[in-house]
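Trainee: Right, I'll just put the structure down here and ask away after.
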Amino acid sequence: MNYGHRLRFGLRLSTDADHEPDHLIKSAALAERWGLDLLVVPAGTAGADLEPGTVSSWIAAATGSLGLVVESPPTPHPAMLARAVASLDQLTAGRVELALHAEAADSGEALGDTIAVVRELWNVLDRGLGRYTGRLHRLSGAQKAAPAHDVPIAVHADSHVLRLVGRQADEWSTGDVTALAEGNRVVDEAARAAGRDPREIRRRITIRGDVGERAGTFTGTTEDWVSDLLPLVLDHGVGTVVLDTDSEDLAARFANDVAPALRAAVDAALPHGWSSTRVRRAAALARRRPGIDYEGTPEGMAEVVEPGDLAYARLRSGYLRGGAPGIVLRATTAEQVAQALAYARRHPGVPLSRRSAGHGVSGRSTNDGGIVIDVSLMNTIEVLDEKTRRVRIGPGARWAEVAAALEPYGWALSSGDYGGVGVGGLATAGGIGYLSREHGLTIDHLRAVEMVLADGSIVRASDVENADLFWAVRGAGANFGIVTAFEFEADEVGPVAFAQLTQDASDVERYLVEWGRVVEQSPRDLTSFVILPPSRAGRPAVALSHTMVHAADRETVLARLEPLAAISPMYAQDVAISSYAAVMNNASDDAPVSRGEPVSRSGLLRHVTPEFAAASARVLRSGAIGWFQLRAVGGAVADVPADATAYAHRDANFSLVVMGGDDEVVDAAWELLRPFLDGLYLSFESSLRPERLAEAFPPATLSRLRRLKSTYDPEGVFDDNFALTPATNDPGGSDQ
Amino acid sequence: MTDYGHDLWFGSFVTPAARPPQAPVELALASERAGLDLVSFQDHPYQSAFQDTWTLMSYVAARTERIRISGNVLSLPLRSPAVLARAAASLDRLTGGRVDLGIGAGAFWDGIAAMGGRRLTPGQAVQALEEAVQVIRGLWATDEPGPLKVDGEYYSVTGAKRGPAPAHRIPIHIGAYKPRMLRLTGRIADGWLPSLGYLPDGPASLDAMNEQIDEAASAAGREPAAVSRLLNLSGRFTTGGGGLLQGTPGDWAEQLADLALQYGVSGFILASDEPAELDLFGHEVAPRTRELVQSERTA
């Protein structure tokens with residue numbers, strides 16, 4: 001019986017204290033160089049043996065790819081074991097496994113409790129604090145911390161706890177070849193009784209041996225070793241073979257001769273693809289959602305993440321929206337995207353979301369129970385032609401990375417105000433950034449895209465190829481497909497000044513009007529964003545402005561900032577000569593842990609009039625919203641004709657975004673502001689009301705978009721975010 | 001007012017932040033580059049924002065070459081003394097003697113209990129710490145005859161094989177503030193490791209606390225100087241004119257020299273996650289403080 005586990009080979013380290021530290025490092029380095037999968041750090045408990053956790057961490061820091069199996073003797077503090085292993089797995093980006101040794105006197109209670117406690121502390125799929133009440137060990141509200149990957153838990157035991165192995169472990173480890181047949185029977189039976197698939201449990205054998213004359217099992221030539229090991233793999237399903245030796249020569253022979261020969265022999269004996277199936281734990285399968293064909297996921301995806309997988313905790317939610325998708329398909333090529341899309345289209349009625357990377361406001365890149373096609377791994381940034389500053393960027397790159405990659409060339413692409421935003425979402429909607437008045441929107445620098453359309457075809461769009469599609473992608477891209485590569489023409493951008501000013505805004509109306517006037521009157525090398533925190537009792541009302549001046553000489557910078565600084569008294573200021581990349585380097589790498597729904601409204605306006613300022617002041621005082629930001633647009637943005645891209649509101653000088661906690665409350669406040677607004681920016685709008693569409697696109701733009709939608713996506717595959725689908729009512733009344 | 005005459009050393013106190021995991025490792029490397037003598041990490045295992053301190057220490061040990069490494073201080077209630085003894089001895093062997101053992105009786109009992117640890121009263125925790133030190137030193141004492149037997153109320157060892165032996169005599173530093181803990185420190189510890197920020201009256205508190213340690217040491221037949229006095233510090237480098245540890249590196253050096261000469265502090269540990277501050281502390285404050293103390297002692 002074979003369980004379909006890819007063969008792994010490892011060495012068991014000798015860690016009695018007689019060995020010099022250099023010996024440990026040397027053994028580890030050799031194992032790594034020989035391409036072995038694992039190094040087992042034994043849980044010796046005799047006085048002179050080194051403590052395994054310490055040795056594992058020490059070796060981990062000196063190796064780069066080797067897997068480490070930390071053996072643990074029975075521990076009085078399983079929660080600490082969980083912390084230690086999770087930490088080391090994080091430090092090594094996922095190279096650690098845990099092996100528990102059963103104590104002869106333990107009937108399985110201590111071991112069972114230990115496994116349960118460790119799994120509970122690592123279980124970040126269920127939010128909240130860790131709780132477990134066992135006979136010997138307990139957790140009562142402990143903070144959880146996950147390892148970097150799904151760390152397997154092996155149990156090393158010969159007989160007395162095999163049923164527990166079947167119930168709870170990920171691998172059974174034994175040193176007794178003769179125990180395999182009966183042991184497997186017990187493990188498998190216990191696994192099935194617990195509702196598990198026996199294939200969830202790997203089988204590991206640890207052997208000793210010698211080279212030379214044939215003198216019993218594992219003593220002889222490479223061929224002898226293979227003939228001894230082959231039946232263990234074929235008949236007893238051994239998936240991990242660990243050699244316990246002090247001899248470097250023997251270890252070399254095992255790694256370099258026996259391992260490849262055994263792999264070849266096993267491949268020859270078993271049908272093609274014998275080890276290609278990933279077997280998830282029963283506990284993971286239980287988290288699957290209805291309506292999704294989990295068995296039929298496309299082959300060759302970079303990663304398929306289900307709700308029971310550890311990676312799901314990092315991938316389920318967006319920056320502001322909590323999500324619970326049924327499956328996340330991660331693609332690294334356009335072909336994989338097409339395959340994922342075909343898979344999604346076989347699921348009519350199941351929500352489909354697309355995710356580039358990073359942070360988005362409306363959070364349409366996740367869903368509840370549906371499919372997410374995630375291209376965040378497509379994050380390369382490549383210079384195609386230095387002379388024309390042509391760069392090719394994957395949709396999964398984040399703008400901080402783009403800025404850092406372009407900086408050495410003296411280039412930049414205006415993006416947004418936060419480096420954690422992903423390229424794909426922003427570059428198909430607009431891109432209102434710190435250089436917008438001088439350099440326009442991000443989409444104004446777009447020269448070509450490659451994308452996967454609803455029918456699965458992979459096309460290129462530019463001014464000369466599929467020009468209508470290229471027009472639509474720049475402002476309404478989400479309706480037309482999944483962009484797999486962007487080609488931009490970057491701008492030459494030298495040092496910039498970045499000013500963060502905190503000013504008095506007790507007369508908020510005056511501040512807003514003045515800020516708007518100063519921005520509009522400033523040369524284009526200045527772009528300013530301002531945040532007005534809602535007023536709170538006992539705190540002075542302030543305005544926080546972030547202003548970029550594309551200049552590095554002190555006189556110019558001061559001349560540009562002076563009118564802003566003069567608006568009202570200053571509480572704090574920070575002005576630095578910096579680079580665009582340094583300003584964008586403001587994002588955390590942490591995975592989002594958002595819950596709930598963002599409530600965000602967007603509007604565009606021509607001027608900050610006293611009437612608009614008065615309405616804003618009312619809204620800020622109302623307590624209805626938690627976020628109010630104005631961004632300068634205009635300038636170079638308005639140089640582009642309104643019909644040149646699907647983003648058409650070129651005449652706006654300002655973009656407004658407000659956010660709050662409740663749709664109705666925010667909408668009521670928004671009604672006060674609406675009379676002054678003309679148009680909206682899709683990236684900052686979370687409402688899906690049909691009339692928003694007419695605000696996003698002027699009539700001529702909307703009707704052209706609808707015609708194109710009926711060509712490129714007639715069935716409305718990409719309707720999750722501001723659907724243009726012809727079947728819906730045309731609130732603009734202007735179709736055709 | 002005592003100067004115990006110890007050689008001065010300088011260290012860092014780095015937050016063992018879990019994200020990104022390599023950040024504290026980089027700060028340990030920065031500490032070594034700054035010429036500091038020790039890098040230390042707090043230990044709050046119930047806090048998921050932190051890495052496991054011992055794992056981090058062991059990892060850092062392999063990445064550094066010269067600097068000493070310590071918990072500051074390790075939470076005893078969640079770390080079995082027998083395991084701790086073997087882990088510390090193992091790391092000391094691996095590093096050729098670069099380990100200090102800083103331990104505390106435990107704080108934040110809710111967090112300890114949440115992790116499955118035993119909740120003790122302050123008095124019980126002091127006794128548990130004393131027993132733990134007995135276990136730890138007993139396991140290290142491989143030249144003592146026979147297996148180790150400790151029959152404690154909180155930690156018992158029945159006939160454990162001793163070892164492994166550490167590479168050097170690992171000093172045990174105890175974090176202590178209250179009289180019982182100070183007396184325990186005087187009786188058994190190699191070092192006293194409080195934080196300046198927790199001293200009720202700032203440096204002025206040191207006199208009375210030193211006195212309690214000295215008395216307990218003498219009563220136990222030890223020289224008061226057998227207990228070195230360490231201090232966790234935090235501050236800010238400014239252009240001058242601020243209060244304690246709020247000035248230039250020169251101001252800091254004068255203030256630390258004063259702490260050394262007046263209160264016998266010989267180990268100064270700066271809490272900082274800023275490489276630039278660690279660099280100033282190691283390269284400017286440390287040599288100037290040493291000079292000032294040296295010239296005063298020889299005067």
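Protein chains in written order, with the UniProt record's numbering: chain A, 1 to 736; chain B, 1 to 299.
Think of the CB as a built atom: it goes at the ideal place given N, C-alpha and C, for glycine as much as any other residue.
Should residue 679 (chain A) and residue 437 (chain A) be called a contact, given that it needs their Cβ atoms to be closer than 7 Å?
Mentor: In this structure, residue 679 (chain A) keeps its C-beta atom at 7 Å or more from the C-beta atom of residue 437 (chain A).
Trainee: Look at the alpha carbon of residue 391 (chain A) and the alpha carbon of residue 381 (chain A), and state the distance between them as a whole number of angstroms.
Mentor: Using only the alpha carbons, I get a separation of about 7 Å.
Trainee: By how many angstroms is the C-alpha of residue 648 (chain A) removed from the C-alpha of residue 674 (chain A)?
Mentor: 19 Å
Trainee: Over the uninterrupted alpha helix (DSSP H) stretch that includes residue 439 (chain A), give me the two end residues.
Mentor: 436-439
Trainee: Would you list, in chain order, the members of the segment 150-165 of chain B that have their beta-carbon closer than 9 Å to a beta-carbon of chain A?
Mentor: 160, 161, 162, 163, 164 and 165
Trainee: Going by CA-CA distance only, name the one from A:15, A:258 and A:316 that's closest to residue 224 (chain A).
Mentor: A:258
Trainee: Please check if any C-beta of chain B sits within less than 7 Å of the C-beta of residue 168 (chain A).
Mentor: no
Trainee: Should the segment 32-51 of chain A be regarded as contacting the segment 7-16 of chain A, the criterion being three or more beta carbon pairs within less than 8 Å?
Mentor: yes
Trainee: Going by DSSP, which residues form a beta bridge with residue 625 (chain A)?
Mentor: Answer by DSSP bridge pairing: none, since residue 625 (chain A) is not bridged.
Trainee: At the level of alpha carbons, what is the spacing between residue 582 (chain A) and residue 550 (chain A)?
Mentor: 14 Å
Trainee: What does the alpha-carbon distance come out to for the pair residue 757 (chain A) and residue 346 (chain A)?
Mentor: With chain A represented from 1 up to 736, any question about residue 757 (chain A) goes unanswered, as that position is not in the structure.
Trainee: Count the other C-beta atoms from every protein chain shown that fall within 10 angstroms of the C-beta of residue 464 (chain A), then say buried if there are 16 or more, exposed otherwise.
Mentor: exposed
Trainee: CA-CA distance, residue 13 (chain B) and residue 70 (chain A)?
Mentor: 28 Å
Trainee: Under the rule that 16 or more other beta-carbon atoms within 10 Å means buried, what is residue 664 (chain A), buried or exposed?
Mentor: Looking at its Cβ environment, which holds fewer than 16 other Cβ atoms inside 10 Å, residue 664 (chain A) is exposed.
Trainee: Given that residue 83 (chain B) touches chain A, what residues does it touch there, using C-beta distances under 7 Å?
Mentor: 51
Trainee: Straight-line CA distance for residue 510 (chain A) to residue 554 (chain A)?
Mentor: Looking at the backbone, the Cα of residue 510 (chain A) and that of residue 554 (chain A) are separated by about 28 Å.
Trainee: Consult DSSP for residue 420 (chain A) and reduce its assignment to one of helix, strand or coil.
Mentor: Residue 420 (chain A) falls in the coil class under three-state DSSP.
Trainee: Specify, as a first and last residue, the run of the alpha helix (DSSP H) that residue 184 (chain A) falls within.
Mentor: Here the alpha helix (DSSP H) through residue 184 (chain A) covers 180-193.
Trainee: Give the interface partners of residue 263 (chain B) over in chain A, defined as CB-CB distance under 8 Å, in chain order.
Mentor: The contacting residues do not exist; residue 263 (chain B) stays about 35 Å from chain A at best.
Trainee: Under 6 Å Cβ to Cβ from residue 724 (chain A), same chain only, skipping five residues before and after it: list those, please.
Mentor: Taken in chain order, the residues that qualify are 479, 705, 706 and 709.
Trainee: Counting only the same chain and skipping the five closest in sequence on each side, list residues whose C-beta sits under 6 Å from that of residue 4 (chain B).
Mentor: 225 and 264
Trainee: Does the beta-carbon of residue 301 (chain A) have 16 or more other beta-carbons within 10 angstroms, so that it is buried, or is it exposed?
Mentor: buried
Trainee: Quick check on residue 9 (chain A): does DSSP put it in helix, strand or coil?
Mentor: strand
Trainee: Once the 5 residues before and after residue 570 (chain A) are set aside, which same chain residues still bring their CB inside 6 Å of it?
Mentor: Around residue 570 (chain A), the same chain offers 503 as residues with beta carbons nearer than 6 Å, after the five sequence neighbours per side are excluded.
Trainee: Got a sec? Which residues, its chain only, sit under 8 Å from residue 294 (chain B) by beta carbon, not counting five neighbours each side?
Mentor: none
Trainee: Are the beta-carbon atoms belonging to residue 330 (chain A) and residue 303 (chain A) less than 7 Å from one another?
Mentor: yes
Trainee: Quick one: which residues of the segment 142-161 of chain A get their C-beta closer than 7 Å to a C-beta of chain B? List them in chain order.
Mentor: 142, 143, 144 and 145
Trainee: Residue 238 (chain B) CB to nearest chain A CB: under 7 Å?
Mentor: no
Trainee: Take residue 365 (chain A) and list the residues in its own chain whose beta-carbon comes closer than 6 Å to its own, dropping the five residues that flank it on each side.
Mentor: 318, 353 and 355
Trainee: In the segment 84-110 of chain A, which residues sit with their C-beta less than 7 Å from some C-beta in chain B, listed in chain order?
Mentor: 84, 87, 88, 90 and 91
Trainee: When burial is assigned at 16 or more other CB atoms within 10 Å of the CB, is residue 732 (chain A) buried or exposed?
Mentor: Per-residue confidence for residue 732 (chain A) stands at a pLDDT of 41, beneath the threshold of 50, marking its modelled position as unreliable; no derived number is given.
Trainee: Which ranges does the beta strand (DSSP E) cover as unbroken runs of at least 3 residues, wholly within the segment 98-143 of chain B, from first to last along the chain?
Mentor: Taking 3 residues as the minimum length, the beta strand (DSSP E) runs contained wholly in the segment 98-143 of chain B are 99-104, in order along the chain.
Trainee: Return the residue from the list A:333, A:414 and A:619 that minimises the CA-CA distance to residue 579 (chain A).
Mentor: The closest CA to that of residue 579 (chain A), considering only A:333, A:414 and A:619, is found on A:414.
Trainee: Counting along the chain, where does the beta strand (DSSP E) carrying residue 543 (chain A) start and finish?
Mentor: 542-549
Trainee: So which residues on chain B does residue 408 (chain A) lean against when the C-beta distance must stay under 7 Å?
Mentor: In chain order: nothing, as chain B lies at least about 23 Å away.
Trainee: Quick one: is residue 31 (chain A) near chain B, going by C-beta distance under 7 Å?
Mentor: no
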